[in-house]
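Note sheet for the following structure.
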Amino acid sequence: MIEGQVQVLNWNVAGAKYLELPLGKREEFRRRLNLTLQSLIETDRPAIVTIQEVVRYHEDDNEEDAIHVIDVPDGYDYYPLWFIDTRHQSAKGKWDKVREMGGWSANSFFAQGNAFLIKKDISAFRVFDLPRLNHRCQIANPIEVVKLESGLYLGTRDTEPRAAMIAHLAARGENGHFHISAEII
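Take a look at the structure:
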């Protein structure tokens, strides 16, 4: 049983809407988004932030150098999971709309998904790893994923892939240790 409180912040950042903005408005939106995230973190001090509809992008189809809409706040680890992008699970209609509305080139790379921000002093681990306080998981991303995909993705919200992202966490609380599982569905 967990005693005490664990602060969790959940936020849908409307990433696809960000990509649809014209170039002149996009950076201001991103700046305000990250200032708001930083303010929420400073005010509420959440242990975990779950982010829905996070995006990354690159003008020249360079997935490795893609820019994330979220600037990772100091003191947090960032664990994104990409559900759809312009290379996999792609729907031409969805990305054509983004390209047209946002003035993107035909070969721009886009990806959309969900993410966790987890405080660095919380140990994240896979379900089959034994948790140890103050130890990091040996793999770069310990988040587990259960994907729910239809066989037919039409580029609409009704047919977009869904997933449960699960993080198993351990930390020392006021009354000893706590272990929790957090998930985004």
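Quick note, the sequence shown lines up with residues -3 to 181 if you use this note's numbering. Beta carbons: idealized from backbone N, C-alpha and C, even for Gly. Being a predicted model, the structure only gives us computed values, none of them experimental.
For the putative contact between residue i and residue j, defined by C-beta atoms under 8 Å, what is the C-beta separation to the nearest angstrom?
i	j	result
R27	Y14	So it is not a contact: roughly 11 Å between Cβ atoms.
I47	W7	6 Å
R52	A107	5 Å
S104	E55	5 Å
L113	V45	4 Å
Work out the CA separation of residue j and residue i for me, nearest whole Å.
i	j	result
D67	P76	12 Å
V94	W100	8 Å
E24	G109	22 Å
I118	A111	16 Å
G172	A166	Note that G172 has pLDDT 49, beneath the 50 cutoff, so the model's placement of it is unreliable and the number below is only indicative. Near 11 Å, if we compare the C-alpha coordinates of A166 and G172.
I63	L31	17 Å
R41	F121	22 Å
E156	I80	8 Å
E49	R158	11 Å
I37	N58	31 Å
W91	R83	11 Å
Would DSSP call residue i helix, strand or coil?
i	result
K21	helix
S104	coil
V9	coil
K88	helix
G109	strand
V65	coil
T46	strand
Taking its Cβ as the centre, do 16 or more other Cβ atoms sit within 10 Å of residue i, making it buried, or is it exposed?
i	result
L33	buried
T39	exposed
K116	exposed
K88	exposed
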